[in-house]
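Structure first, then comments.
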Amino acid sequence: MLATALLGAGALGALWTGAARADTELTFRYLLDNVDEIQAGLDQFEADNPGITVTMERMSFKDARDQFIRETATGAGPDLQHSAFVWIKDLGTAGACLPLNDIIAAEGIGEVGFEDFVATDLVYGDDRETIYGVPYATDTWAMVYNTDVMAEAGIEAVPETWDDLLEASRKVKEIGKIGFGFAAGTSAANSIWFLANFNWWSDGGSLVVDDGKGGYEVGITADQVAGVIDYYKTYLDEDLTIPGSLGISAWDDPAILEPMLSGEQLAALLPVTTARSMIAQWRERNPGEELPFTTAMTPHGSGKPTTHLGGQSMCINANTEHLEETWKLMQWLNSWEFFEKYNTGWYPAQKALLARKPFPAEMEGFQKQFTDGARSWGPYALGPAAIANMWNQTSRSFGAAFIGEKTSEEAAQELVDYVDNLL
Amino acid sequence: MPTARGIRGERPFIVFMLVPAFFFLLMFYVYPTLFNLEVSFTDLSLFGLKQGGEWIGIANYVELVTSDDFHRVVFNTVVWLTVVGVAVRIVLGLGLALLLDSKVLDKYRLKTISRVLLLVPWATPPIVAIVSWRWLLNPQLGDINKLLLGLGIVEQPIAFLSEAAWVWPALITIITWNTLPLVALSFLAALQSLPSELLEAAEIDGAGRWQRLRYVIIPHLKPAIIVMTLMSTFWTFNNFVYVWLTTAGGPGLYTNVMATEVYIKAFIDGRMGYSSAVGVVMATLMVAFGMVYLRFIAQREFKEVF
Chain X
-7 MLATALLGAG ALGALWTGAA RADTELTFRY LLDNVDEIQA GLDQFEADNP GITVTMERMS
53 FKDARDQFIR ETATGAGPDL QHSAFVWIKD LGTAGACLPL NDIIAAEGIG EVGFEDFVAT
113 DLVYGDDRET IYGVPYATDT WAMVYNTDVM AEAGIEAVPE TWDDLLEASR KVKEIGKIGF
173 GFAAGTSAAN SIWFLANFNW WSDGGSLVVD DGKGGYEVGI TADQVAGVID YYKTYLDEDL
233 TIPGSLGISA WDDPAILEPM LSGEQLAALL PVTTARSMIA QWRERNPGEE LPFTTAMTPH
293 GSGKPTTHLG GQSMCINANT EHLEETWKLM QWLNSWEFFE KYNTGWYPAQ KALLARKPFP
353 AEMEGFQKQF TDGARSWGPY ALGPAAIANM WNQTSRSFGA AFIGEKTSEE AAQELVDYVD
413 NLL
Chain E
1272 MPTARGIRGE RPFIVFMLVP AFFFLLMFYV YPTLFNLEVS FTDLSLFGLK QGGEWIGIAN
1332 YVELVTSDDF HRVVFNTVVW LTVVGVAVRI VLGLGLALLL DSKVLDKYRL KTISRVLLLV
1392 PWATPPIVAI VSWRWLLNPQ LGDINKLLLG LGIVEQPIAF LSEAAWVWPA LITIITWNTL
1452 PLVALSFLAA LQSLPSELLE AAEIDGAGRW QRLRYVIIPH LKPAIIVMTL MSTFWTFNNF
1512 VYVWLTTAGG PGLYTNVMAT EVYIKAFIDG RMGYSSAVGV VMATLMVAFG MVYLRFIAQR
1572 EFKEVF
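Going down the list, the protein sequences come from chains X and E. For the first sequence, our numbering begins at -7 and goes up steadily by one. For the second sequence, our numbering begins at 1272 and goes up steadily by one.
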C-alpha cells in the first residue's frame, strides 16, 4: 500500500517536474530566410536543454524593428529578437531591449568574451555604457565580376577605381552587354544608400562624422554628394547598367543576378551571402564547368576601398519573464557549433570564430574586404539622427535627381541640409 | 402614425437601443480621433512610445504647411491620385456600363460572359492585382515590355514604375483595373432601371444616339454618378495600399501621397507626432470635401433625403 502510494507520489512528482520544465516556452523572432537551418539549430538547443521549448516566429526585415517597438511598449513581444546591427541603439532608447551589462559581466558571452565581437560600438544606448544587444552574424559587400564578359570585352584586370569601373562598363557596352549592374530604384528597402556611402567613404568623405567635441556633423560637401549622384546617373544616362534599373531596388533582384549568371553582365556589387548563393546557383546550373566569376574589393576614389561591416544582432525583450533561458539561447546562437553545423551561410560576429570560417578561393575579394576594407556604421548609428531617416532621404534625393525632377546639385544640397538639421 | 406623445414615451427605449452603437463609435472612432489630434501637437517619436512626447503646440502643422515636400504630397494626392484617378474610373465605368447594356452583346449572346468577366478584377485582392501588374510592367521580364519590344514600338524596355513620365499613368492603370468593375456595375444597375419607353420616345422625337445619351441616359444616371464619385473619392484619397505596394512613394517623392506620407513619417522617420498631423490634415480635407460636395451637388439631386 505504502509502496503504491510512494510510486503514485513519485509519478505525480515526475509529472509536475515535467510540467514545470515544459512551462518555459521561449519565442525567438528570426528575420532571414534560412529558416530550416536555424530551426535545426533550435531543435538541437531544445534537445540539449530539456524543459525549454523555442518557437521561431518569422517576420520580414523591413517591418521587424517597428513591430518590436510597438509590442514591447505594451508589454508583449518575443523573448529574443533578431535585429539589424544598427537598430540596437534605437531599440534600447525605446526601452524595448533589456540592458545586458550585468549578465554579460556575470556569465560572459561568446567564445572569448564581449570584446571579441565586431561592431560592439553599435550595441550601446545613448549613454554609451548600457549594452542592449549582442552582435550575432556579420557580412560585408564586395564586387563580383564575370570573367567571361571581361575577356570578351578585352578587360584584363578588375577595375581598381570607380572611374575604371565606368570605363570598363563602356567597353562592355560596345560588345552589347551590361556593364556594372546595380539597383538604381529608390523606393523602400533600396540599395542606393549603400552604393552612395561606399563611394563617399572610398573618397575620404562620410555623410556623418564625429566632430571631436562630443557631437556629430556632416562630413561631406554638397559637391561631393552631387559628384556621386552624377557618377551613378552616368550609368543610367549612357545605358551602361541594366535596362530599367530605376525599377530595381533590391541588391538581390533577379534582374541583377540573372545577367551575371547568364554571362550578359560584367559586374555587380553584392553582400557576401547573395554572392555565395548566386555562385552556388551557377554551379547547380553548370555542373563540372569552370566558374566564370572572380571577386574583388570595391573600387575606390582618392582613398581606400571601403564597405560597411553589416550584420545582425540579438536583443532580449525588456519584458521577458525567462531571462535565464533566453540567455542560454543567446549563448547557443553565438557558439561555434551553431555556425559550423547550422547557420553555415553566415559569418559569426566574433573575430575568433570569423578567423575559423573558411573563404573559398572565389570569395577572396570578400575576405580582403572583411579584413581590410570594411568599417562599422559608427557615427551614423551613434549620432542623434536615425539611420532610417538618412537612408530614406538619400533615396529621395538620389531618386529625384535620377528621374530629372531635381538637378544633382539641388538634390545633393537637400540631402546635406536634411542630415545637418538632424545632427 | 405615432403621435408626438407616443414618441416621447418611447425615447428611453430608443436611447437604450442606441447606447451600444454610440459606445462603439466613441471607443473606436471618437477616442482614436481625439488621441491622434492630441499626438499631432507633440513630438512623440516611435522610439519614445513608452516615455511619450513633449507638447510642442502647432509646430508640426507649421512645418507641414511650409514644407515644399508636403505641398508635392498634397498635389499628388489631390490631383493625380484622386482627381485623375476618379475621373478615369467614372468615365471608363460609364463607357463599360453602356457597352454591357448594349444590344450588340445581346445579339452575340455575350451578355452573361462579359458580366462575369467584369467581376474578375473586382474579385482579385489588391495585393494580388499589384504583384501581377508589377510583373507585367517589369522592365526585364514583363510581358508588356516584351510585347512593345517585339512589335518594335520601343527600342529599350520602359521602367513603367520608375520613370517620371510613366509612373503615374501606370499606377492609375493598376488602380483602375482593380476598382473599375464596381463603378461599371453600379452604373449598369442604374441603366437597367431606365424605362425603355423614355428612350423610345426620345428616338421617335428624333433624338440621335448622342442626344439620347446626353438628355436621357446621363440625367437618369446622375444620382449613381454622384454617389460613385463621392465614394470613389473617399476610397482613393485615403488609399495607401496601391501606392505603397506599387512604388512606395518613389522614385524620389514622385508618387508619394498623404497616406504613404503618414506611414513614412511614422514608421521610417519615426516621427509619430508629425505623422499624426498629416493624418489630421487628411481627415480635415476629406470632411471639407464631403461637406461641400453634399451641400452643393448631392443636395440638388437628392432633395427628398435632405
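Every residue, glycine too, gets a C-beta built ideally from N, C-alpha and C.
- In summary, E:I1475 is exposed, with fewer than 16 beta-carbon neighbours lying within 10 Å of its beta-carbon over all protein chains present.
- The C-beta of E:I1535 comes closer than 8 angstroms to at least one C-beta of chain X.
- In this structure X:V46 is in contact with X:L321, their Cβ atoms being roughly 6 angstroms apart against a cut-off of 8 angstroms.
- Interface flag for E:G1423 against chain X is unset, since no Cβ pair is found closer than 8 angstroms.
- Secondary structure note for X:P371: its alpha helix (DSSP H) is the uninterrupted segment P371 to L374.
- In the three-state scheme derived from DSSP, where H, G and I count as helix and E and B as strand, X:T122 is classed as coil.
- The segment 162 to 208 of chain X is shown to contain whole alpha helix (DSSP H) runs of 4 or more residues at 184 to 193, in chain order.
- The beta carbon of E:Q1463 sits no closer than 8 angstroms to any beta carbon of chain X.
- Secondary structure of E:T1337 (DSSP, three-state): helix.
- Interface annotation, E:S1546: not in contact with chain X, CB-CB separation never under 8 angstroms.
- The C-alpha of E:L1484 lies about 28 angstroms from the C-alpha of E:L1352.
- For E:D1476, the secondary structure class from DSSP, reduced to helix, strand or coil, is coil.
- For X:R21, there are no C-beta contacts with chain E under 8 angstroms, since the nearest C-beta of that chain is about 17 angstroms from it.
- Contact between the segment 269 to 282 of chain X and the segment 179 to 197 of chain X is absent: fewer than 3 CB-CB pairs across the two stretches fall below 8 angstroms.
- Taking a contact as a CB-CB distance under 8 angstroms, the pair X:V408 and X:V210 counts as one, their CB atoms being some 6 angstroms apart.
- In its own chain, leaving out the 5 sequence neighbours on each side, no residue places its CB closer than 6 angstroms to the CB of E:L1420.
- For E:L1320, the residues of chain X that pass the 8 angstroms Cβ criterion are I61, R62, A65 and A86, in the order they occur in the chain.
- Secondary structure within the segment 285 to 344 of chain X: the beta strand (DSSP E) runs of 3 or more consecutive residues, fully enclosed, are 285 to 288 and 302 to 308 (chain order).
- Nearest CB-CB separation between X:R348 and chain E: not below the 8 angstroms threshold.
- Using a Cβ-Cβ distance cut-off of 8 angstroms, the segment 99 to 106 of chain X and the segment 321 to 335 of chain X are in contact, since at least three pairs of beta carbons, one from each stretch, lie closer than that value.
- Nearest Cα to X:D202 within the set X:I96, X:E406 and X:P371: X:P371.
- A direct Cα-Cα distance of roughly 19 angstroms separates X:P246 from X:T287.
- In this structure, X:H292 and X:S194 form a Cβ contact; the two beta carbons are roughly 4 angstroms apart against a cut-off of 8 angstroms.
- Think of a sphere of 9 angstroms around the beta carbon of X:D82: the chain E residues whose beta carbon falls inside it are L1317, F1318 and G1541, in chain order.
- Residue pairing by DSSP puts X:E17 in a beta bridge opposite X:T45.
- Chain order gives no chain X residues near E:P1494, where near means a beta carbon separation below 9 angstroms; the closest approach is about 40 angstroms.
- Within the segment 387 to 404 of chain X, those residues whose Cβ lies closer than 9 angstroms to any Cβ of chain E are, in chain order, S387, R388, S389, F390, G391, A392, A393, F394, I395, G396, E397, K398 and A403.
- No Cβ-Cβ contact shorter than 8 angstroms links E:V1425 with E:F1431.
- Distance between X:A129 and X:P91, taken at the CA atoms: about 20 angstroms.
- Separation of E:G1413 and E:W1406 (C-alpha to C-alpha, rounded to the nearest whole angstrom) is 5 angstroms.
- For the set X:Q73, X:M48, X:H74 and X:D82, the Cα lying nearest the Cα of E:S1316 is the one of X:D82.
- For X:G177, the nearest beta carbon of chain E is closer than 8 angstroms to its own beta carbon.
- Within chain X, no C-beta atom comes nearer than 8 angstroms to that of E:S1338; the closest sits roughly 11 angstroms away.
- The beta carbon of E:Q1482 sits no closer than 8 angstroms to any beta carbon of chain X.
- C-alpha of E:V1512 to C-alpha of E:W1506: approximately 11 angstroms in a straight line.
- E:T1348 sits in a helix when the DSSP states are folded into three classes.
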